[in-house]
Amino acid sequence: MYVRVSFDTKPDLLLHLMTKEWQLELPKLLISVHGGLQNFELQPKLKQVFGKGLIKAAMTTGAWIFTGGVNTGVIRHVGDALKDHASKSRGKICTIGIAPWGIVENQEDLIGRDVVRPYQTMSNPMSKLTVLNSMHSHFILA
Numbered sequence: 001m002y003v004r005v006s007f008d009t010k011p012d013l014l015l016h017l018m019t020k021e022w023q024l025e026l027p028k029l030l031i032s033v034h035g036g037l038q039n040f041e042l043q044p045k046l047k048q049v050f051g052k053g054l055i056k057a058a059m060t061t062g063a064w065i066f067t068g069g070v071n072t073g074v075i076r077h078v079g080d081a082l083k084d085h086a087s088k089s090r091g092k093i094c095t096i097g098i099a100p101w102g103i104v105e106n107q108e109d110l111i112g113r114d115v116v117r118p119y120q121t122m123s124n125p126m127s128k129l130t131v132l133n134s135m136h137s138h139f140i141l142a
């Protein structure tokens, strides 16, 4: 699910959308994962420890995980951890990507009101834009 918002959208309206429309339960904890957008590799052991720790923290506390939402840099590693978790079918984790509309590739797939459309997550190597990370449950695009 996603919503496109204006820079001056009131936070209480967003919270209302998230709890009433998206039917998310208020979390006991917010986890914010941010880092550079430059892609990098993690050593396998470090990647495993990062992923397991993030998933365990979110699952045991009912946390919402916030990221930049795109499929690059550290956010890609968050997505990989979520993908590994999903493959083991151990419950849904609320992961919310907050991304600037102007950097999102395939924007045309996201235009419409109350519609369900497929979003192309294959990025164009020649593009300066970036795709959203498909392992996130929700997106706020500003």
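So the sequence shown is numbered by full-length UniProt numbering: it starts at 1 and just counts up by one. Each residue gets a CB set at the ideal place from its N, CA and C atoms; glycine is no exception. As the structure is a prediction and not an experimental result, all values here were calculated from the model.
Counting C-beta pairs with one atom in each stretch, the stretch 5-23 and the stretch 108-115 have fewer than three that are closer than 8 Å, which means they do not touch. Distance from the CA atom of Glu-25 to the CA atom of Thr-19, rounded to whole angstroms, is 6 Å. In this structure, Thr-130 places its C-beta atom within 9 Å of the C-beta atom of Thr-72. Burial of His-136 is indicated by the presence of at least 16 other C-beta atoms within 10 angstroms of its C-beta. Taking 9 Å as the cut-off, the Cβ atoms of Phe-66 and Ile-96 count as close.
For Ala-81, the uninterrupted alpha helix (DSSP H) segment begins and ends at 73-87. Nearest Cα to Thr-61 within the set Pro-125, Leu-14, Cys-94 and Asn-133: Cys-94. Short of 6 Å from the beta carbon of Val-74, and not among the five residues preceding or following it, lie these beta carbons of its own chain, in chain order: Gly-35.
Approximately 10 Å separates the beta-carbon atoms of Leu-30 and Ala-58; this is outside 8 Å, ruling out the contact.
A direct Cα-Cα distance of roughly 10 Å separates Lys-88 from Leu-82.
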